[in-house]
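There are 2 protein chains.
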Amino acid sequence: MATTTAQDVQDPARTRGSGTQTVYATIRQEILAMTLEPGSPLDEVKLSERFGMSRTPVREALLRLSADGLTTTLPNRNTIVAAIDFAALPAYFEALTLMYRVTTRGAAGRRSAGPARDIRTRQDEFARAVDAQDAYAMIEANREFHVAIAERAGNAYYTTFFSRLLDEGRRILRLYYSTFDDRLPRQYVEEHEDMIMAIEAGDVERADTLALAHAAQIVAQIQEYLARDATNARDIQNI
Amino acid sequence: MATTTAQDVQDPARTRGSGTQTVYATIRQEILAMTLEPGSPLDEVKLSERFGMSRTPVREALLRLSADGLTTTLPNRNTIVAAIDFAALPAYFEALTLMYRVTTRGAAGRRSAGPARDIRTRQDEFARAVDAQDAYAMIEANREFHVAIAERAGNAYYTTFFSRLLDEGRRILRLYYSTFDDRLPRQYVEEHEDMIMAIEAGDVERADTLALAHAAQIVAQIQEYLARDATNARDIQNI
DNA sequence: GATTTGAGAATAGTATACACTTTGTATTTT
DNA sequence: AAAATACAAAGTGTATACTATTCTCAAATC
Numbered sequence: 002m003a004t005t006t007a008q009d010v011q012d013p014a015r016t017r018g019s020g021t022q023t024v025y026a027t028i029r030q031e032i033l034a035m036t037l038e039p040g041s042p043l044d045e046v047k048l049s050e051r052f053g054m055s056r057t058p059v060r061e062a063l064l065r066l067s068a069d070g071l072t073t074t075l076p077n078r079n080t081i082v083a084a085i086d087f088a089a090l091p092a093y094f095e096a097l098t099l100m101y102r103v104t105t106r107g108a109a110g111r112r113s114a115g116p117a118r119d120i121r122t123r124q125d126e127f128a129r130a131v132d133a134q135d136a137y138a139m140i141e142a143n144r145e146f147h148v149a150i151a152e153r154a155g156n157a158y159y160t161t162f163f164s165r166l167l168d169e170g171r172r173i174l175r176l177y178y179s180t181f182d183d184r185l186p187r188q189y190v191e192e193h194e195d196m197i198m199a200i201e202a203g204d205v206e207r208a209d210t211l212a213l214a215h216a217a218q219i220v221a222q223i224q225e226y227l228a229r230d231a232t233n234a235r236d237i238q239n240i
Numbered sequence: 002m003a004t005t006t007a008q009d010v011q012d013p014a015r016t017r018g019s020g021t022q023t024v025y026a027t028i029r030q031e032i033l034a035m036t037l038e039p040g041s042p043l044d045e046v047k048l049s050e051r052f053g054m055s056r057t058p059v060r061e062a063l064l065r066l067s068a069d070g071l072t073t074t075l076p077n078r079n080t081i082v083a084a085i086d087f088a089a090l091p092a093y094f095e096a097l098t099l100m101y102r103v104t105t106r107g108a109a110g111r112r113s114a115g116p117a118r119d120i121r122t123r124q125d126e127f128a129r130a131v132d133a134q135d136a137y138a139m140i141e142a143n144r145e146f147h148v149a150i151a152e153r154a155g156n157a158y159y160t161t162f163f164s165r166l167l168d169e170g171r172r173i174l175r176l177y178y179s180t181f182d183d184r185l186p187r188q189y190v191e192e193h194e195d196m197i198m199a200i201e202a203g204d205v206e207r208a209d210t211l212a213l214a215h216a217a218q219i220v221a222q223i224q225e226y227l228a229r230d231a232t233n234a235r236d237i238q239n240i
């Protein structure tokens, strides 16, 4: 409910065609950042008032969000922010691990592509976020780091699917990163460094091993957090 | 241009909420079946006349199709059926092969799920289509066969991604299957049989080997077809 | 003759109005 | 008092009207 009364009203003469895009990008961001919690109602009229436009572009934005799986449309009722499906987490981890491996392998197989400049940039951003202990920036930079690897691998199908997975994970990570002690992010920085080295050396097998270990590391941490949290949640639930 | 003047007009009092769905499903089908060729313009007004409804539900259907990557929206111009990106084919084949393997492996790992009834059903449909030499039915049944395997594997992320890949491939297959001689589909039937046996036996490694061979088989055939076709196309192009 | 400019047509983007469904509540009935 | 029915409110689904953009084609200019 952070921005209930906030008015994101644009200058009334915004460029034609930007309406849907603006609403889509803004709400998507808010959902992924958990500003809008799962289950929150998204009322077309209220949103149109907030953004200072008619219902039509708002509706189209909600449609796109639904296609992304970020919202759930209840027919003839309203749209709500999609729930996080904790039951699907094992499947999620499996898919995430696979894509970590495939993309990192693929990137290493592209040795001829030269130095991994983009990946390097993202890694630096990640390291800065870790130094600043900015959990949100870490999540963003981590996502961009791995997407950059996927892009170097050069398979658009993988990049698209992987991006979706990483986005979906942002909401879970958002819960998780806040509980970090300082040790793990630094370890991730080092693991990222190793991955870059393997990629630039064109060492496919080592890249694969590192990706697998990295994924296992993250999965284990999240699972541990969730186990801890489940106990807390049970205690807190019935106040 | 097959259905230019066809009127898909529904009974004017169709159920509320079905409009977008109807248009989406119909056009999607027509795109995948190549009734609507890549590059064909999709005019909102013409479509609304054809389906006997206003532009709004048509627009929303086109939006969903764009989200699926089946259409391309040219801002302030019109929407066209997405082109088949032949340059992306190697990446496509790689992703397809990976998903064949992962889903078949996953299905075999679910031995406890009992007999693979759904998969069996799809296989029978595929065999019937082969007997009838009905290329279109073959493509459909083949897709459903592999989706059934993915569903048994039980990872919704894989199922979704794989379904998308198979759909995208339907348009290519549609070009390809028409040139089939009789031998290959029968071979696919046998390969499918072997996969079912491996899955029911819970033999993960054999399932993987079979999936890989099956994928390689299909990829090789399509590539051969495309190589042939490229020569033809060059000859035909400049009449 | 080629190129630029401008009017008009076509078509997408947006706003608004209306109708239908669902849901919750109050009133009636048993 | 419990259940059923009717009614009102909220909010979506669809239709339609309006506006801005882009393209086309022709006329004017260089």
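Chains as they are written, first to last, in the working numbering: chain A, 2 to 240; chain B, 2 to 240. Glycine included, every Cβ here is placed at the ideal spot set by N, Cα and C. A quick note: this is a predicted structure, and the numbers were derived from the prediction, not measured.
Rounded Cβ spacing between residue i and residue j (contact assumed at less than 8 Å)
i, j, result
"B/Ile197", "B/Ile120", "6 Å"
"A/Leu33", "A/Leu63", "So it is not a contact: roughly 15 Å between Cβ atoms."
"A/Ile28", "A/Leu66", "6 Å"
"B/Ala83", "B/Gly70", "6 Å"
"B/Arg175", "B/Ile140", "6 Å"
"A/Arg102", "A/Ala212", "5 Å"
Bridge partners - residue i, DSSP secondary structure assignment
i, result
"A/Ile81", "A/Pro42 and A/Thr73"
Chain B residues whose Cβ lies nearer than 7 Å to that of residue i
i, result
"A/Arg65", "Leu64 and Ala68"
"A/Phe162", "Phe162"
Contacts of residue i in chain B (Cβ-Cβ under 9 Å)
i, result
"A/Pro76", "Arg17 and Gly18"
"A/Gly170", "Under the 9 Å cutoff, chain B gives no residues; its nearest Cβ is about 11 Å from A/Gly170."
Contact list for residue i against chain B, beta-carbon separation under 8 Å
i, result
"A/Tyr177", "The premise fails here: A/Tyr177 is roughly 19 Å from chain B at the closest Cβ pair, so nothing lies under 8 Å."
"A/Asn156", "Ala92, Glu95 and Ala96"
Residues near residue i in its chain [Cβ-Cβ closer than 7 Å; skip 5 each side]
i, result
"A/Val205", "Arg106, Ala109 and Gly110"
"A/Leu166", "Ala96, Leu97 and Met100"
"A/Ile237", "No answer about A/Ile237 holds up, because its pLDDT of 49 lies below 50 and its placement is not dependable."
"B/Val59", "Val24, Glu45, Leu48, Ser49 and Phe52"
"A/Ala130", "Ala138, Met139 and Ala142"
"B/Met151", "Residue 151 of chain B is actually Ala in this sequence, not Met. Cβ neighbours of B/Ala151 beyond the five flanking positions: Thr104, Tyr159, Thr160 and Phe163."
"B/Arg172", "Leu33, Met35 and Ile85"
"B/Ser41", "Ile81 and Val82"
"B/Phe146", "Ile120, Arg123, Gln124, Phe127 and His193"
"B/Thr72", "Leu43, Leu63, Leu66, Thr80, Ile81, Val82 and Ala83"
Chain-ordered neighbours of residue i on chain A, where CB pairs are closer than 9 Å
i, result
"B/Gly115", "Near B/Gly115 there are no residues of chain A at all, since even the closest Cβ is about 20 Å away, more than 9 Å."
Cutoff 6 Å; reference residue i; Cβ partners in own chain excluding five residues on either side
i, result
"A/Glu31", "Leu37"
"B/Thr6", "Residue confidence for B/Thr6 is low, a pLDDT of 41 falling below 50, so the modelled location carries little weight; the figure read from the coordinates is stated next. For B/Thr6, where only same-chain residues beyond five positions count, there are no Cβ hits under 6 Å."
"B/Glu126", "Ala142"
"B/Tyr177", "Ile223 and Tyr226"
"B/Arg112", "Gly203"
"A/His215", "Glu192"
"B/Asn239", "A caution first: B/Asn239 carries a pLDDT of 41, below 50, which makes its placement in the model unreliable, though a value can still be read off. Correct list: empty, nothing qualifies."
Beta-carbon neighbours of residue i, restricted to chain A and to distances below 8 Å
i, result
"B/Glu61", "Arg60, Glu61 and Leu64"
"B/Leu166", "Tyr158"
Closer than 7 Å at the beta carbon, the chain A residues around residue i
i, result
"B/Val103", "Leu99"
"B/Ala89", "Ala157"
Neighbourhood of residue i by C-beta distance below 8 Å, restricted to the same chain and skipping five residues each side
i, result
"A/Arg187", "Val131"
"A/Arg153", "Gly107, Ala108, Arg111, Ala114, Ala117, Asp119, Ile120 and Ile200"
"A/Ala208", "Thr105, Arg106, Ala108, Ala109, Met196, Ala199 and Ile200"
Quiz item: Taking only runs of the alpha helix (DSSP H) that begin and end inside the stretch 152-227 of chain B, which ones reach a length of at least 4 residues, in chain order?
Solution: 157-178 and 184-202
Quiz item: What are the complete alpha helix (DSSP H) segments, minimum 4 residues, inside the stretch 79-151 of chain A?
Solution: 90-109 and 118-132
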